[in-house]
Amino acid sequence: MGFLNVFRHKISSTTPKTKETIQSLWKLEKIILDSLDFHTVVQKISDSVLTELGYLDLGYRIIVLTLADKNRNVLNRVSLSQTPEAAKAQEASAIPFHKIDIPLDANDNLLIKTLNDKKPYVTKFWPDIFKPILTEQQALRNQAAAGIKTSMLFPVIVRDIAIGVLIFSMVKDEKDVTENEYDLIKGYTDVVGLAVQNAKLYTSLEETKKKLEFANTRLKELDKLKDDFVSVASHELRTPMTAIKSYIWMALNKYGAIPIRSAIDTKSAKSKYKLPEDLQKYMSRAYISVERLINLVNDMLNISRIESGRITLRLTQTDIVQLAHEVKDEVLTKAAEKNITINIKTNLVHRVLADRDKIHEVYLNLIGNSLKFTPSGGTITISFSEKESFIYTSITDTGSGINKKDLPRLFTKFGRLDDSYVAAAESGGTGLGLFITKSLIDIHKGTISAQSQGTGQGSTFTFSLPIAGTIAAQTLKKNAPRETTDTKELEKTSINFV
Ligand SMILES: Nc1ncnc2c1ncn2[C@@H]1O[C@H](COP(=O)(O)OP(=O)(O)OP(=O)(O)O)[C@@H](O)[C@H]1O
Ligand SMILES: [Mg+2]
């Protein structure tokens with residue numbers, strides 16, 4: 001083998017570093033650690049000793065950094081000094097510099113030996129550091145072209161692991177390397193280890209960041225596409241569904257059988273035409289199903305607007321008690337069907353600042369739920385109270401109640417509870433109502449909560465809205481999502497509760 005163990009006499013030396021060496025190391029450290037980009041850092045590693053410290057004058061010509069690439073299982077040459085000698089070696093080389101990858105198991109290669117032994121070596125014979133990639137002849141040709149006499153190899157060690165090898169090639173003999181030079185090179189390889197590790201981490205972090213940013217943009221685009229699709233699809237679906245519903249209603253009406261939710265009361269048919277009983281049953285079921293579909297599509301449309309931030313508020317001073325009476329009138333038939341009484345405790349309260357249509361929807365959802373989950377003969381009570389700048393509206397029923405452990409889940413999407421599954425299945429709920437309700441109250445800067453002593457004990461839902469003219473109302477006015485040209489187009493398709 002054409003290599004010697006380097007600096008046998010110097011390795012044992014414990015001479016403290018001279019002031020000059022320490023200063024030089026500081027200088028190098030500053031230069032290398034100044035940048036975090038991997039390619040810049042490795043290039044600086046190959047250049048700074050020669051240019052900044054004037055090692056060219058000391059006979060050093062080429063510094064090469066090689067790093068172990070565990071994925072490819074090779075020792076890869078990553079940077080090379082920008083000197084005429086290095087250029088000549090590259091020119092003469094049969095294989096381009098960056099492609100000279102030494103397999104990590106090439107144990108007769110001196111670079112691999114340096115890596116494995118974690119010890120410095122020296123050679124005057126370049127085939128030692130090029131085999132098996134270059135032939136002896138090719139390696140010697142490179143060496144001759146560069147005019148290199150001796151190459152010193154130093155392991156780059158980070159936390160006791162050799163991550164690569166630094167090659168210092170000189171036009172002088174190993175015996176002419178002074179103790180100061182040796183000390184500096186030794187100290188330098190430690191700095192190099194740290195700098196490479198930092199740069200690698202930073203660069204991979206930057207790459208991950210870029211990938212994440214890209215993925216995030218893509219997700220946003222997809223999310224918007226989804227929102228647009230849901231918005232358009234639900235809107236388009238509503239029109240034919242509403243037509244189907246109207247035609248079924250007309251057909252049933254013509255034969256005196258106005259559909260009501262539970263069953264069609266055939267005896268009450270007033271028309272002289274009689275629809276066969278089974279046909280009436282089929283049609284009324286179709287009617288109820290299409291009604292459910294319309295509700296679902298409305299919910300989807302609503303959610304897509306809420307989630308894409310396209311919902312806007314048309315704030316007016318609203319009489320919340322009067323609105324409760326209007327909604328009560330709307331649901332009276334349903335309540336009568338189930339023999340449920342609705343009481344409104346009309347006490348004088350201030351007007352609230354709110355989007356009337358949206359609060360109308362909130363009422364419909366909450367009273368609708370109470371009607372759905374309260375058995376026949378029950379009562380629903382709507383009451384009001386004022387606290388600070390808000391009016392609290394409570395809707396209390398004597399219905400199935402809610403298990404305490406389920407309360408936190410109520411306002412989530414598809415938050416249907418197992419206990420109410422049967423009732424909900426009968427009435428065709430999707431579990432979106434309270435999610436939408438909460439979102440609508442949220443954008444009004446109000447709160448909503450549910451209380452229940454447990455199953456069978458009834459429930460109370462309470463929501464708050466800012467009193468018109470208060471600071472809370474002013475804040476809402478200032479921050480509320482307003483109509484823009486973008487949203488205007490969508491508002492045209494505003495939700496009608498069919
Ligand atoms: N007044 C109530 N009494 C008992 N349980 C209720 C009441 N209101 C809501 N819940 C429970 O909360 C669940 C979620 O209500 P939500 O209004 O979100 O959905 P839904 O009524 O089932 O369906 P949707 O409103 O979408 O048609 C209900 O399925 C029910 O389990
Ligand atoms: Mg509901």
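The UniProt record's numbering puts the first residue of the sequence shown at 1, with every later residue one more than the last. Even for Gly, the Cβ is constructed at its ideal location relative to N, Cα and C. Since the structure is predicted, the reported quantities are computational estimates derived from the model, not experimental observations.
A buried status is given to R77, since no fewer than 16 other beta-carbon atoms sit within 10 Å of its beta-carbon. Of N479, Y182 and I306, the smallest CA-CA separation from E20 is found for Y182.
Within the same chain, I467 come within 6 Å of H350 by CB-CB distance, once the 5 residues on both sides are set aside.
If you look at G454, you'll find it isn't in any beta strand (DSSP E); DSSP assigns it neither H nor E. The C-beta of G454 has fewer than 16 other C-beta atoms within 10 Å across all chains shown, which makes the residue exposed. R356 is the residue among G147, R356, R314 and E337 whose C-alpha sits nearest the C-alpha of A324.
For I112, there is no enclosing beta strand (DSSP E); the residue is found in the alpha helix (DSSP H) stretching over L110 to D117. Note on the segment 100-169: whole alpha helix (DSSP H) runs with a minimum of 4 residues are 110-117, 127-130 and 136-146, in chain order. In this structure, T381 has its CB at a distance of at least 7 Å from all heavy atoms of ligand 1.
The alpha carbon of L184 has as its nearest neighbour, out of T393, L432, I342 and L53, the alpha carbon of L53. Nearest C-alpha to N109 among L222, I441, T123 and H98: T123.
For N76, the enclosing beta strand (DSSP E) has its first and last residue at V74 to L80.
Beyond the five residues adjoining it in sequence on each side, N347 comes within less than 7 Å, by CB distance, of F384 in the same chain, given in chain order. Residue pairing by DSSP puts V64 in a beta bridge opposite L80 and I167. The residue among I294, I367, S376 and V352 with its C-alpha nearest the C-alpha of Y392 is V352. The Cβ atoms of I382 and D397 lie no closer than 8 Å to each other.
Taking S93 as the centre and dropping the five residues before and after it, the same chain places the C-beta of N142 closer than 6 Å to its C-beta, in chain order.
Here H444 is buried: its Cβ has 16 or more other Cβ atoms, across all protein chains shown, within 10 Å. Annotated three-state conformation of L313 is coil, per DSSP. Annotation for L434 indicates a beta carbon within 7 Å of some heavy atom of ligand 2.
Between L440 and K358, the gap from beta carbon to beta carbon is short of 8 Å. Under the three-state reduction of DSSP, Y392 is assigned to strand. Partner residues in the beta bridge of I467, as assigned by DSSP, are V352.
Per DSSP, reduced to three states, the secondary structure at T178 is coil, with no helix or strand assignment.
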